[in-house]
Amino acid sequence: MVEFPLPPHLTCAVIKAASLDCEDLLLPIAAMLSVENVFIRPVDPEYQKEAEQRHRELAAKAGGFNDFATLAVIFEQCKSSGAPASWCQKHWIHWRCLFSAFRVEAQLRELIRKLKQQSDFPRETFEGPKHEVLRRCLCAGYFKNVARRSVGRTFCTMDGRGSPVHIHPSSALHEQETKLEWIIFHEVLVTTKVYARIVCPIRYEWVRDLLPKLHEFNAHDLSSVARREAREDARRRWTNKENVKHLKDGISKEVLKKMQRRNDDKSISDARARFLERKQQRSQDHSDTLKETG
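Here full-length UniProt numbering is used: the first residue of the sequence shown is 1, the next is one more, and so on.
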């Protein structure tokens, strides 16, 4: 694996594909994932809409339900266009990134050719459609990047941490979350939320034996625990905020309690009695003073 200029998980996926004699499906994807983001996203709103439309069209050609397959479509269509630079310009794709991907793919293909010449290289067979074997090969490498749908459009990672993630808005699967149960993703991107980027749906049985024990628990139950903890945390923050507000006003809890005690009916009655008693005492003292001076 050290020979491959790829991360370990992507190398595993490529070797799995080679063992099934379908590396042609994985090599373009691996090459595309080894370079910078190929999608151009203009700042200008008008151009942004045009770019998004072109990108959606490319995703649709890949089936509209697999971001990894979209990368393969971009690679193949650009390479076979006859004018790759113009093709990239039309589809809002970085030509320099594609050019780098072409070189990486050629390098990977040569490495696979040498690897398959070894007598101990594993050989496997698979009877099934192309799109399924592609996803199974990806699962062989990305089993640590598996997530299961939790609550609403949120997914829960199955890496032992159970972290909540959302499908990135640039994904073809964005706003299709309710149709999904299990997914794999290429990477996590943290902005205002934690996003899974480059996503495709999978089946649980493809990764069941690869996942940590967390997958045996119900993700919805885990999310309920998380919601309870969030509510308790929010309650604590609210209580602290109220206490700080009272302290800023110069009123502690004890002072508030004293004020409340002063304002109940019995306290008011007792205060009135003490006031009348003091008033009567002052009146009596005044009368005694007049008598003495008279």
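Ideal placement from N, C-alpha and C gives every residue a C-beta, glycine not left out.
- Non-local C-beta neighbours of E110 in its own chain, meaning closer than 6 angstroms and more than five positions away in sequence, are absent.
- The straight-line gap separating the alpha-carbon atoms of F121 and R56 is approximately 39 angstroms.
- The continuous alpha helix (DSSP H) containing C137 extends over residues 130-142.
- Relative to V199, the option among D209, V188, K193 whose CA is nearest is V188.
- Taking the Cα of R41 as reference, the smallest distance to any Cα among H94, V190, R161, I184 is reached at H94.
- For V146, the enclosing beta strand (DSSP E) starts and ends at 146-149.
- Close CB contacts of E3 within its chain, under the 7 angstroms cut and outside five residues either way in sequence, are with L111 (chain order).
- In chain order, C78 place their CB closer than 6 angstroms to the CB of P84, counting only its own chain and leaving out the 5 sequence neighbours on each side.
- The DSSP assignment places complete alpha helix (DSSP H) segments of no fewer than 4 residues inside the region 1-60 at 8-19, 23-33, in order along the chain.
- The alpha-carbon separation between S150 and G82 amounts to approximately 45 angstroms.
- Sorting E132, S119, D24, L33 by C-alpha distance to the C-alpha of H9 places L33 at the top.
- DSSP lists Y195 as the beta-bridge partner residues of H166.
- As DSSP reads the structure, E127 sits in no beta bridge.
- If you check the CB distance, F65 and L173 come in under 8 angstroms.
- No residue range can be given for I93, since it is assigned to no beta strand (DSSP E) and is classified by DSSP as neither H nor E.
- In the DSSP assignment, L71 falls within the alpha helix (DSSP H) that extends over 67-79.
- Counting along the chain, E205 sits inside the alpha helix (DSSP H) bounded by residues 204-207.
- Residues E124, T125, F126, V133, C137 of the same chain have their beta carbon placed closer than 8 angstroms to that of L20, with the five preceding and five following residues left out of the count.
- The DSSP-derived three-state label of F102 is helix.
- Between L98 and A30, the C-beta spacing is not below 8 angstroms.
- Contact between W182 and V146 is confirmed by a C-beta separation of about 7 angstroms, below the 8 angstroms threshold.
- Here P28 is buried, its C-beta having at least 16 other C-beta atoms within 10 Å.
- For E105, same chain residues with a beta-carbon under 8 angstroms away, outside a window of 5 residues either side, are L27, P28, A30, A31, F75 in chain order.
- With respect to the 8 angstroms criterion, A140 and I167 are not classified as neighbours on the basis of their beta carbons.
- Only residues of its own chain outside the window of five on either side were considered, and among them A147, R149, V165 have a CB closer than 6 angstroms to the CB of F155, listed in chain order.
- For T154, the three-state secondary structure derived from DSSP is coil.
- Approximately 6 angstroms separates the beta-carbon atoms of I202 and R135; this is inside 8 angstroms, confirming the contact.
- Rounded to the nearest whole angstrom, the CA to CA distance from L210 to N37 is 29 angstroms.
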